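Written below as structure tokens is the structure these notes are about.
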Amino acid sequence: MNILKRYLLLTCTFTLTNSPVFCETPKAVPGKGACISSEFIYALEGRQTPQCHASTIEELSSGELAAAWFGGTKEPHVDTAIWFSKQVNGKWTKPKVVVDGSEGEEKDHRTGNPVLFQSSKGPLLLFYKVVPTEPNRALAWWGMMTRSDDGGKTWTSPWKLGENKVLGSRPHLIGPVKNRPLELPDGSLLCPSSTEHEGWRVHFEITKDLGKTWEVIGPIHDAKKFNAIQPSILTYGDGKMQVLCRSREKVLAQSWSTDGGKTWGPVTGSNLPNPNAGTDAVTLQDGRQLLVYNPTIREKSRNGRQELAVALSKDGKQWNRVLTLEKVKSGEYSYPAVIQSSCGKIHITYTWRRQTVKHVVLDATKL
3 MNILKRYLLL
13 TCTFTLTNSP
23 VFCETPKAVP
33 GKGACISSEF
43 IYALEGRQTP
53 QCHASTIEEL
63 SSGELAAAWF
73 GGTKEPHVDT
83 AIWFSKQVNG
93 KWTKPKVVVD
103 GSEGEEKDHR
113 TGNPVLFQSS
123 KGPLLLFYKV
133 VPTEPNRALA
143 WWGMMTRSDD
153 GGKTWTSPWK
163 LGENKVLGSR
173 PHLIGPVKNR
183 PLELPDGSLL
193 CPSSTEHEGW
203 RVHFEITKDL
213 GKTWEVIGPI
223 HDAKKFNAIQ
233 PSILTYGDGK
243 MQVLCRSREK
253 VLAQSWSTDG
263 GKTWGPVTGS
273 NLPNPNAGTD
283 AVTLQDGRQL
293 LVYNPTIREK
303 SRNGRQELAV
313 ALSKDGKQWN
323 RVLTLEKVKS
333 GEYSYPAVIQ
343 SSCGKIHITY
353 TWRRQTVKHV
363 VLDATKL
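Our numbering puts the first residue of the sequence shown at 3, with every later residue one more than the last.
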């Protein structure tokens, strides 16, 4: 290795582990490198809503892909609903509304943060949040869910998840707050969750019967050191797990479990930057950990969501940024969701400028 290459390697390694400033990585270009394809789930022209956000993606029992997101006039507006689309024969179907916050109450509410999950027991589950139209709406939202037994063609009447007093003054169960649950060996769903009414706090909700009854683990911290929300669960074998979480402290927060998620260690800062924006992560079939995130920090003139990247790790501690999905001076690329399908391909969806949802497919063997 010549001196220049050695210097660049050392520079990249330092910046990846000690600073929010990163060396350049390859841009995702369809047909080049690890990027197989990149497309909008629905076209910008004639789109069904002016804005959208917070997508989720899942592989169905049939092998087809499904995606959902919330969309409406804009995020706080009461007309925001959960939209759903499937990829059939390689093409995404026209989005349709699954739920819209109308629950037979005197006042309709908006919906947010959907999470799709294909249970091994059969049904496709859709978790989502109902957000009251009040000033401190995020403090009072509650979790809802519905299920489909025919791959998303029809859905049951949605139901409220319930309450648990360990969550404090606003005891509503949330379900998976942004990122997908982990199905445990006994069939239980371990849902990564969080609340915002007593500081940003991470907790977990477990259901053994597909959402009928619930248990709560945590909150696992008191928000005095880290305000953390929206965790993603990574697994390492022998019961070891890690969560990576959005925070207000300019870095991704993390916590570790050594007993399969029953108990969790302290919430601490990782060496990854975070501009107070949602991320997602997945444990790949080959044991590597993959993270999709905004690799920046928030500044006075920028919200830090102008850049979206992919990073890999073997141990969850040292991360290598391997691909840039988006990078512009203005605009928003945020709230990613990621899965690895049964065939090994990596599927990522994310908010594209709040106007549509982008779907990127990666070849894991080329990362």
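Just so it is clear, CB atoms sit at the ideal spot from N, CA and C, and this is done for glycine as well. As the structure is a prediction and not an experimental result, all values here were calculated from the model.
Which stretch, first to last residue, makes up the beta strand (DSSP E) that contains N166?
That residue, N166, is in no beta strand (DSSP E); it is neither H nor E in DSSP.
Would you kindly work out how many angstroms separate the C-alpha atoms of P233 and Y295, rounded to a whole number?
12 angstroms
What does the alpha-carbon distance come out to for the pair D224 and R203?
7 angstroms
Contacting residues, own chain, Cβ-Cβ under 7 angstroms from K1 (five flanking each side not counted):
The requested residue 1 is not part of the displayed model; the chain covers only 3 to 369.
Cα-Cα separation between L184 and I350, rounded to whole angstroms:
18 angstroms
Cβ contact (3+ pairs, closer than 8 angstroms) linking the stretch 269-284 and the stretch 187-202
no
Which value, in whole angstroms, describes the spacing of the CA atoms of I348 and A283?
11 angstroms
Can you list, in chain order, the residues of its chain whose CB lies under 8 angstroms from that of V99, leaving out five sequence neighbours each side?
A83, I84, W85 and F86
Could you check which residue in G33, G73, W143 and H174 has the C-alpha nearest to that of T358?
G73
Please state if the CB of D365 and the CB of I38 are separated by a distance shorter than 7 angstroms.
yes
Could you spell out where the beta strand (DSSP E) holding W244 opens and where it closes?
At residue 244 the sequence reads Gln, which differs from the Trp that was named. Counting along the chain, the beta strand (DSSP E) containing Q244 begins and ends at K242 to S249.
Would you list the residues sitting across from R203 in a DSSP beta bridge?
T197
Secondary structure of K88, DSSP reduced to three states
strand
Which of the three DSSP states, helix, strand or coil, is assigned to T367?
helix
In angstroms with no decimal places, state the Cα-to-Cα distance between V340 and V168.
30 angstroms
By the three-class DSSP mapping on this structure, what secondary structure does A68 have?
strand
Do we get a CB-CB distance below 7 angstroms when we pair I299 with the residues of chain B?
Looking for chain B here will not work: only one protein chain is present.
Buried/exposed call for P116, threshold 16 Cβ in 10 Å
buried
For R355 and P338, I'd like the C-alpha separation in whole angstroms.
13 angstroms
For A283, which of helix, strand or coil comes out of DSSP?
strand
With a threshold of 16 other CB atoms inside 10 Å of the CB of K227, please say whether the residue is buried or exposed.
exposed
Ignore the nearest five residues each way along the sequence and tell me which others in G262's own chain have a CB closer than 8 angstroms to its CB.
L186, G241 and M243
Exposed or buried, which one is E61 when buried takes at least 16 other CB atoms within 10 Å?
buried
For A131, which option in K162, R149, S121 and S150 has the closest C-alpha, if you only look at C-alpha atoms?
Note on identity: in this sequence residue 131 is Lys, with Ala being the wrong assignment. Among K162, R149, S121 and S150, the Cα nearest to that of K131 belongs to K162.
Are T281 and T27 closer than 7 angstroms when you measure CB to CB?
no
Take K2 as the anchor and find which of G103, V133, N166 and A68 has the nearest alpha-carbon.
What is shown of the chain runs 3 to 369, which leaves residue 2 out entirely.
Can you tell me where the beta strand (DSSP E) with I2 in it begins and where it stops?
The displayed coordinates of the chain run from 3 to 369. Any statement about residue 2 would go beyond what the structure contains.
Could you check which residue in K34, Q120, Y44 and A36 has the C-alpha nearest to that of H361?
Y44
DSSP beta-bridge partners for S315?
Q291
Go to A339, then tell me how far its beta strand (DSSP E) extends in each direction, as first and last residue.
Y335 to Q342
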